[in-house]
């Protein structure tokens with residue numbers, strides 16, 4: 001029995017080209033060499049000088065000055081990272097210039113302010129740091145279920161603990177794994193006694209507003225469809241602001 005040969009019209013996988021192949025590099029030769037030395041290729045001149053010294057020992061004396069000059073160039077070159085330079089480096093951040101207060105219209109490199117580690121760049125494998133001012137703005141972390149959003153949040157919380165500060169996290173999932181993970185994180189940094197957990201679903205009481213006990217009477221809800229009565233909201237206020245009187249009304 002004869003078989004019909006399948007034929008596919010249109011572009012195939014082997015017709016596709018890599019990204020950027022049609023782009024034209026308009027950089028000058030000096031700019032290309034300078035930017036190439038900012039990558040792993042900066043070790044190539046060292047290897048070349050070492051090989052030349054081994055092949056011709058008589059040139060060792062002549063190779064020492066250029067080797068020292070190139071070493072100084074590599075150590076003094078500006079460090080440019082995807083977002084911010086970590087503050088622990090004590091360097092200038094050439095990737096984030098700021099206006100010079102003494103010269104109008106002139107920018108100068110800002111000092112390193114990165115103190116929150118987000119992760120690593122997928123292509124360059126450089127660390128991605130952001131400053132505290134960046135974290136005060138709204139951030140969006142999209143991802144499907146199981147993509148690792150909570151694990152990413154753990155890194156932010158670890159950065160907060162490393163700085164000696166605290167955090168408040170609200171999790172809407174029904175799993176209790178987050179509580180134990182945060183407990184282990186707090187114990188690692190010696191702050192387990194500062195952890196407070198409030199569960200609005202089963203907060204050690206009856207969620208039915210019509211039922212009450214002598215020790216915990218029924219209280220009206222803030223919203224009709226909310227499962228957190230005013231008693232638990234008052235506990236939140238007491239934990240967050242312990243200096244406020246505990247007998248006052250809940251706002």
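Numbering (the UniProt record's numbering), first residue to last: 1 to 251. Where is the CB? At the ideal position from N, CA and C, for every residue including glycine. Model, not experiment: these values are computed from the prediction.
Using the Cα positions of residue i and residue j, report the straight-line distance between them to the nearest angstrom.
i	j	result
residue 45	residue 169	50 Å
residue 68	residue 76	12 Å
residue 112	residue 89	7 Å
residue 110	residue 150	32 Å
residue 103	residue 38	29 Å
residue 139	residue 153	12 Å
residue 91	residue 78	9 Å
residue 159	residue 187	15 Å
residue 32	residue 58	32 Å
residue 14	residue 122	24 Å
residue 55	residue 105	52 Å
residue 40	residue 175	45 Å
residue 184	residue 173	19 Å
residue 5	residue 25	44 Å
residue 17	residue 11	11 Å
Near residue i, what residues of its chain come up, given a Cβ to Cβ distance below 8 Å and the 5 sequence neighbours on each side ignored?
i	result
residue 27	35
residue 63	49, 52, 53
residue 163	115
residue 124	82
residue 126	81, 82, 120
residue 47	none
residue 194	166, 186
Tell me the DSSP secondary structure of residue i in three-state form.
i	result
residue 255	Given that the chain is displayed from residue 1 to residue 251, the structure contains no residue 255 and the question cannot be resolved.
residue 3	coil
residue 111	strand
residue 216	Only weak support is given to the placement of residue 216: the predicted model assigns it a pLDDT of 48, under 50, and the value that follows is read from those uncertain coordinates. Three-state DSSP puts residue 216 in coil, outside helix and strand.
residue 199	coil
residue 119	strand
residue 148	coil
residue 127	strand
residue 32	helix
residue 96	strand
residue 45	helix
residue 101	coil
residue 11	coil
residue 142	coil
residue 57	helix
Assign residue i to buried or exposed, taking buried as 16 or more other Cβ atoms, counted over all protein chains shown, within 10 Å of its Cβ.
i	result
residue 114	buried
residue 93	buried
residue 182	buried
residue 96	buried
So, for residue i: in the same chain, excluding its five sequence neighbours on each side, which residues have a beta-carbon less than 6 Å away from its beta-carbon?
i	result
residue 178	171
residue 161	189
residue 70	45
residue 7	none
residue 265	Past the edges of the chain, shown from 1 to 251, lies residue 265, and the structure says nothing about it.
residue 42	74
residue 80	94, 95
Beta-carbon within less than 7 Å of residue i's beta-carbon, same chain only, minus the 5 sequence neighbours each way: which residues are those?
i	result
residue 290	Because the chain is modelled from 1 through 251, residue 290 falls outside the range shown and cannot be assessed.
residue 204	Below a pLDDT of 50, predicted positions are generally treated as unreliable, and residue 204, at 49, falls in that range; no measurement from the model is reported.
residue 141	149, 152
residue 197	179
residue 108	97, 98, 100
residue 167	157, 160
residue 223	Annotation note: pLDDT 47 at residue 223 (below 50); position unreliable, coordinate value reported separately. So no residue of the chain qualifies.
For this session: Inspect the CB distances between the region 126-140 and the region 83-98 and report whether three or more fall short of 8 Å.
Result: yes
Problem set entry | Segment contact flag, the region 131-147 with the region 98-118, C-beta cutoff 8 Å, min 3 pairs | yes
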